[in-house]
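Colleague:
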Amino acid sequence: MNPTSLIRRPITASDWHLAERCARGCVVVIDDDGEILDALRALLELEGYACKTYPSALGYLQTLNDHLPAFPGPGCLLCDVRMPELDGLALQQRLAALDDTPMLLMSGVSGAPEAVNAFHGGALDFLIKPIDDEVLLDAVARALAISAERQHQRARRSELAKRLATLTEREREIARRVTLGQRNLEIADELGIAL
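Here's what the structure looks like:
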């Protein structure tokens, strides 16, 4: 073991600020326009969110493929529809099977068919550029609330699965019968349990 690997760097004020922003939510912004990325990052960070930007959908997918650690806490994607190589709708289709992160799509030149496709693909909102700051922040807040609820539900299911794994076969049978709506006396009688 390398002795320097045991040395931890001190926690700085910026680490605390990042942790606070991550807890509030992380917004991943994907747009091929650097000025828009910078403006959205500034707005979102000013509002207290953690923000990660990507100039292309392929760059974001590469990050996912590299299994880089995700931000803790709720998260959402804010993605431009029209981009070279891989557009926002194609990214939405690729992510649909991988992950349930809420997605907001945005465009300055899209028409109704793209918006309809976005909603059919599961987008929470379709924002038209230039986007009013309050409209954007409201959409982000809704997406992060949905993300937080999904994380809560996943954690709850995981906890229930762990608890279920500790039950004996007989206890699982009783639990199964309870979920089917059988009454205690019925279960006891069928399984030969004295009450």
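Once you know that position 161 of the sequence shown is 236 in the working numbering, the rest is easy, because the numbers rise by one and skip nothing.
Even glycine gets a Cβ: it sits at the ideal position worked out from N, Cα and C.
Given a cut-off of 7 Å on the beta-carbon distance, is the pair Val-215 and Val-102 in contact?
Modeller: Locating residue 215 in the sequence shown gives position 140, where the first residue counts as 1. Locating residue 102 in the sequence shown gives position 27, where the first residue counts as 1. The answer is yes: Cβ separation under 7 Å.
Colleague: Quick one: grab the DSSP three-state call for Asp-264.
Modeller: Counting from 1 along the sequence shown, the entry for residue 264 is found at position 189. In this structure, Asp-264 counts as helix in the three-state DSSP scheme.
Colleague: Gln-167: buried (16+ other C-beta within 10 angstroms of its C-beta) or exposed?
Modeller: As a working mapping, residue 167 is identified with position 92 in the sequence shown. When all chains shown are included, Gln-167 counts as buried.
Colleague: Pick helix, strand or coil for Ile-25, following the three-state DSSP scheme.
Modeller: Residue 25 is absent from the structure shown; the chain starts at 76 and stops at 270.
Colleague: Determine, using beta carbons only, whether Ala-172 comes closer than 7 Å to chain D.
Modeller: Given the protein chain composition of this structure (a single chain), no chain D is represented.
Colleague: Considering only the alpha carbon of each residue, which of Thr-138, Leu-115 and Thr-176 lies closest to Leu-152?
Modeller: The residue labelled residue 152 in the question sits at position 77 within the sequence shown. For Leu-152, the nearest C-alpha among the options comes from Thr-176.
Colleague: Helix, strand or coil for Thr-254? Go by DSSP, reduced to three states.
Modeller: As a working mapping, residue 254 is identified with position 179 in the sequence shown. In the structure shown, Thr-254 sits in a helix (DSSP, three-state: H, G or I).
Colleague: Cα separation between Arg-157 and Leu-118?
Modeller: Counting from 1 along the sequence shown, the entry for residue 157 is found at position 82. Counting from 1 along the sequence shown, the entry for residue 118 is found at position 43. Computed Cα separation, rounded: 22 Å.
Colleague: Check for me: the beta strand (DSSP E) holding Ala-125 runs from which residue to which?
Modeller: The count along the sequence shown starts at 1 and reaches residue 125 at position 50. Element bounds for Ala-125: 125 to 129.
Colleague: Where do the ends of the alpha helix (DSSP H) carrying Val-104 lie?
Modeller: For the purposes of this step, residue 104 is taken as the residue at position 29 of the sequence shown. Counting along the chain, Val-104 falls outside any alpha helix (DSSP H), though it belongs to the beta strand (DSSP E) covering 101 to 105.
Colleague: Taking the beta carbon of Thr-128 as the centre, do at least 16 other beta carbons fall within 10 Å, making it buried, or is it exposed?
Modeller: The sequence position of residue 128 within the sequence shown is 53, counting from 1. Its Cβ being crowded by 16 or more others within 10 Å, Thr-128 is buried.
Colleague: Please list the segments of the beta strand (DSSP E) lying wholly inside the region 158 to 208, counting only runs of 3 or more residues, in order along the chain.
Modeller: Counting whole runs of 3 or more residues, the region 158 to 208 contains the beta strand (DSSP E) stretches 178 to 182 and 200 to 203.
Colleague: Would you kindly work out how many angstroms separate the C-alpha atoms of Ser-182 and Arg-229, rounded to a whole number?
Modeller: As a first step, residue 182 is located in the sequence shown; it is residue number 107 there, counting from the start. As a first step, residue 229 is located in the sequence shown; it is residue number 154 there, counting from the start. Cα to Cα, Ser-182 sits roughly 32 Å from Arg-229.
Colleague: Sort out for me which residues DSSP pairs Leu-136 with in a bridge.
Modeller: Translated into the one-based positions of the sequence shown, residue 136 becomes position 61. Per DSSP, none; premise fails for Leu-136.
Colleague: Quick test of the definition: if touching needs 3 or more C-beta pairs under 8 Å, does the region 242 to 251 touch the region 197 to 215?
Modeller: These segments do not touch.
Colleague: On the criterion of 16 or more Cβ atoms from any shown chain inside 10 Å, does Val-184 qualify as buried, or is it exposed?
Modeller: As a working note, residue 184 is residue 109 in the sequence shown. Exposed is the call here.
Colleague: What are the partner residues of Gly-150, as DSSP defines its beta bridges?
Modeller: Your numbering for residue 150 matches position 75 in the sequence shown. DSSP output for Gly-150 lists Cys-101 as bridge partner(s).
Colleague: Determine the direct distance from the alpha carbon of Cys-126 to that of Arg-116, and round the result to whole angstroms.
Modeller: Taking the first residue of the sequence shown as 1, we reach residue 116 at position 41. Taking the first residue of the sequence shown as 1, we reach residue 126 at position 51. Near 6 Å, if we compare the C-alpha coordinates of Cys-126 and Arg-116.
Colleague: With 16 as the cutoff for other CB atoms within 10 Å, does Gly-109 come out buried or exposed?
Modeller: Numbered from its first residue, the sequence shown carries residue 109 at position 34. Result: exposed.
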